[in-house]
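Counting in the UniProt record's numbering, the sequence shown runs from 1 upward without gaps.
Heads up, the beta-carbon is just placed ideally off N, CA and C, and yes, glycines get one too.
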Amino acid sequence: MPNNRLRSKRRLDSKPRVPDWVVTYGDMVTLLLVFFVMLFSFSVVSPKKFSSAVGSIQEAMSGSNGRQFKVMDMPEKFEVVSPGSGDPVEQSKGFGQRSPIQSLKEQSKIGIPQSEVRAMEQLKHQLKKQFEGTPLSASIKMEVTERGLVIRLNESILFEKGKAELQPPVYPALKIIGGTLASTNYSIKVEGYTCDLPISTPQFPSNWELSTARAISVLRFFVENQNIGSSRLSVSGYGEYKPVAPNSSDANRAQNRRVEIIVLFPTLNIQEPS
């Protein structure tokens with residue numbers, strides 16, 4: 001009987017044992033797996049997963065000593081960061097539209113001092129107030145962009161189709177705009193735009209000529225009737241190539257046929273010929 005017990009003990013002892021380091025190694029691999037699973041869960045921008053994962057960590061860490069860790073709120077919106085700039089930028093919301101300056105903080109991106117942005121906003125409000133309650137208020141749009149104050153006038157109140165002579169009903173609006181701008185020292189650009197419908201007449205062989213002629217008509221009104229110094233004014237014609245809406249309907253084409261008066265930020269005057 002003792003011999004049988006001895007042989008049985010020898011058989012048990014002869015089985016290969018797992019080295020102690022394997023247990024430690026297995027624990028380490030398990031921890032690494034959990035760590036990378038957590039990293040993956042954090043990389044997926046999901047408020048539900050984020051709160052669940054952080055809640056699990058909070059529960060685990062508060063088990064022994066009762067300490068509680070506050071779970072931070074998951075942001076609902078994320079800003080896109082422009083590569084190399086480190087500044088958040090917004091995607092343009094309008095077709096062919098220039099970006100309006102939404103806050104004074106954004107001026108730093110384009111090098112415009114806050115004082116200039118404030119002054120331009122005040123000028124915009126001053127003009128808007130003068131148009132309140134008038135029939136033309138719906139046809140005149142204003143916004144402060146990265147260039148300055150943009151005053152947009154629809155073709156319908158300025159010209160007959162295919163023509164560049166100003167219609168008398170728009171004179172009061174131009175007098176308000178011109179009179180207000182005459183009391184400032186800003187440089188002013190007048191820009192003409194058309195839709196994509198072609199034109200071919202002896203006077204206007206293309207939309208280039210039509211858009212430029214329309215801008216010149218507005219410029220001349222300011223010089224001859226509002227005494228704005230000619231050296232402060234410049235004119236451009238862009239034809240159909242800078243639409244604010246797709247040329248897919250008559251309503252959109254009507255938006256694209258326009259004249260824009262741009263009151264430039266003083267900082268941008270260095271870009272203009274002296």
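- request: Note down the Cα distance separating G96 from E240, rounded to an integer number of angstroms.
  value: Position 96 of the sequence shown, counted from the start, is the residue given in the question as residue 96. Position 240 of the sequence shown, counted from the start, is the residue given in the question as residue 240. Because G96 carries a pLDDT of 43, less than 50, the predicted location of this residue cannot be relied on, and no value is offered for it.
query: Between E132 and V37, what straight-line distance do the alpha-carbon atoms span, to the nearest angstrom?
result: Position 132 of the sequence shown, counting from 1, holds the residue named residue 132. Position 37 of the sequence shown, counting from 1, holds the residue named residue 37. Straight-line Cα distance between these residues: approximately 60 Å.
task: Kindly indicate which three-state DSSP category Q26 falls into: helix, strand or coil?
output: Along the sequence shown, read from residue 1 onward, the residue named residue 26 stands at position 26. Reading off the sequence shown, one finds Gly at residue 26, where the question assumed Gln. Helix at G26.
Minimum Cβ-Cβ distance from T201 to chain D less than 9 Å: Absent here is chain D; the protein component of the structure consists of one chain.
Whole beta strand (DSSP E) elements within the UniProt domain "OmpA-like" (146-267), 3-residue minimum: 148-154, 188-193, 233-237, 258-264
query: Excluding the five sequence neighbours on either side, which residues of its own chain have a C-beta within less than 8 Å of the C-beta of G148, listed in chain order?
result: As a working mapping, residue 148 is identified with position 148 in the sequence shown. Cβ within range, chain order: M120, Y186, I262, V263, L264, F265, L268.
8 Å Cβ shell around E116 - same chain, five flanking residues per side excluded: Translated into positions along the sequence shown, residue 116 becomes position 116. Correct list, in chain order: Q107, F265, P266, T267.
message: Helix, strand or coil, according to DSSP, for E143 in the structure here?
response: Counted from its first residue, the sequence shown places residue 143 at position 143. Three-state DSSP puts E143 in a strand.
Where the alpha helix (DSSP H) containing A138 begins and where it ends: Stepping through the sequence shown from its first residue, residue 138 is reached at position 138. Unbroken run through A138: none, as it is neither H nor E.
Nearest-angstrom Cβ-Cβ length linking V190 and A213, presumed shorter than 8 Å: Along the sequence shown, one-based indexing puts residue 190 at 190. Along the sequence shown, one-based indexing puts residue 213 at 213. That pair is no contact at about 12 Å.
- request: Would you mind reading off the limits of the alpha helix (DSSP H) that contains E132?
  value: Your numbering for residue 132 matches position 132 in the sequence shown. No alpha helix (DSSP H) contains E132, which DSSP labels as neither H nor E.
Counted within 10 angstroms of its Cβ, other Cβ atoms place V34 as buried (16 or more) or exposed: Taking the sequence shown and counting its residues from 1, one reaches residue 34 at position 34. Under this definition V34 is an exposed residue.
- prompt: Quick one: Cα of R257 to Cα of L127, how far?
  reply: Start at 1 with the first residue of the sequence shown, and residue 257 comes out as number 257. Start at 1 with the first residue of the sequence shown, and residue 127 comes out as number 127. If you take the alpha carbons of R257 and L127, they lie about 22 Å apart.
At least three beta-carbon pairs within less than 8 Å, the region 192-202 to the region 240-249: Contact between the region 192-202 and the region 240-249 is present, because at least three Cβ pairs lie under 8 Å.
- prompt: Would Q167 be called buried (16 or more neighbouring beta carbons within 10 Å of its own) or exposed?
  reply: Here residue 167 corresponds to residue number 167 of the sequence shown, with the count starting at 1. Under this definition Q167 is an exposed residue.
task: Please go through the same chain and pick out, in chain order, the residues whose beta-carbon is closer than 6 Å to the beta-carbon of N154, but skip the five residues on each side of it.
output: Taking the sequence shown and counting its residues from 1, one reaches residue 154 at position 154. Taking N154 as the centre and dropping the five residues before and after it, the same chain places the C-beta of S139, R258 closer than 6 Å to its C-beta, in chain order.
Proximity winner among P198, A254, Y25, F40, relative to S156 (alpha-carbon distances): By 1-based counting over the sequence shown, the position of residue 156 is 156. The candidate whose alpha carbon is nearest that of S156 is A254.
task: Please classify E260: is it buried, with 16 or more other beta-carbons within 10 angstroms of its beta-carbon, or exposed?
output: One-based indexing of the sequence shown puts residue 260 at position 260. Label assigned to E260: buried.
message: So G237 and W208 are supposed to be a Cβ contact under 8 Å. How far apart are they, rounded?
response: Working through the sequence shown from its first residue, we reach residue 237 at position 237. Working through the sequence shown from its first residue, we reach residue 208 at position 208. Their Cβ separation, rounded to whole angstroms, is 6 Å, which keeps G237 and W208 in contact under 8 Å.
- prompt: Is it buried or exposed for S217, if we count other Cβ within 10 angstroms and need 16 for buried?
  reply: In the sequence shown, the residue the question calls residue 217 occupies position 217. With 16 or more Cβ atoms within 10 Å of its Cβ, S217 is classed as buried.
- request: Thinking L181 and I228 are a contact (beta carbons under 8 Å), I'd like their distance in whole angstroms, please.
  value: By one-based count along the sequence shown, residue 181 stands at place 181. By one-based count along the sequence shown, residue 228 stands at place 228. Going by Cβ atoms, the distance from L181 to I228 rounds to 6 Å, so yes, they are a contact pair.
message: Distance check for P202 and Q122, CA to CA, integer angstroms please.
response: Here residue 122 refers to the residue found at position 122 of the sequence shown. Here residue 202 refers to the residue found at position 202 of the sequence shown. Computed Cα separation, rounded: 44 Å.
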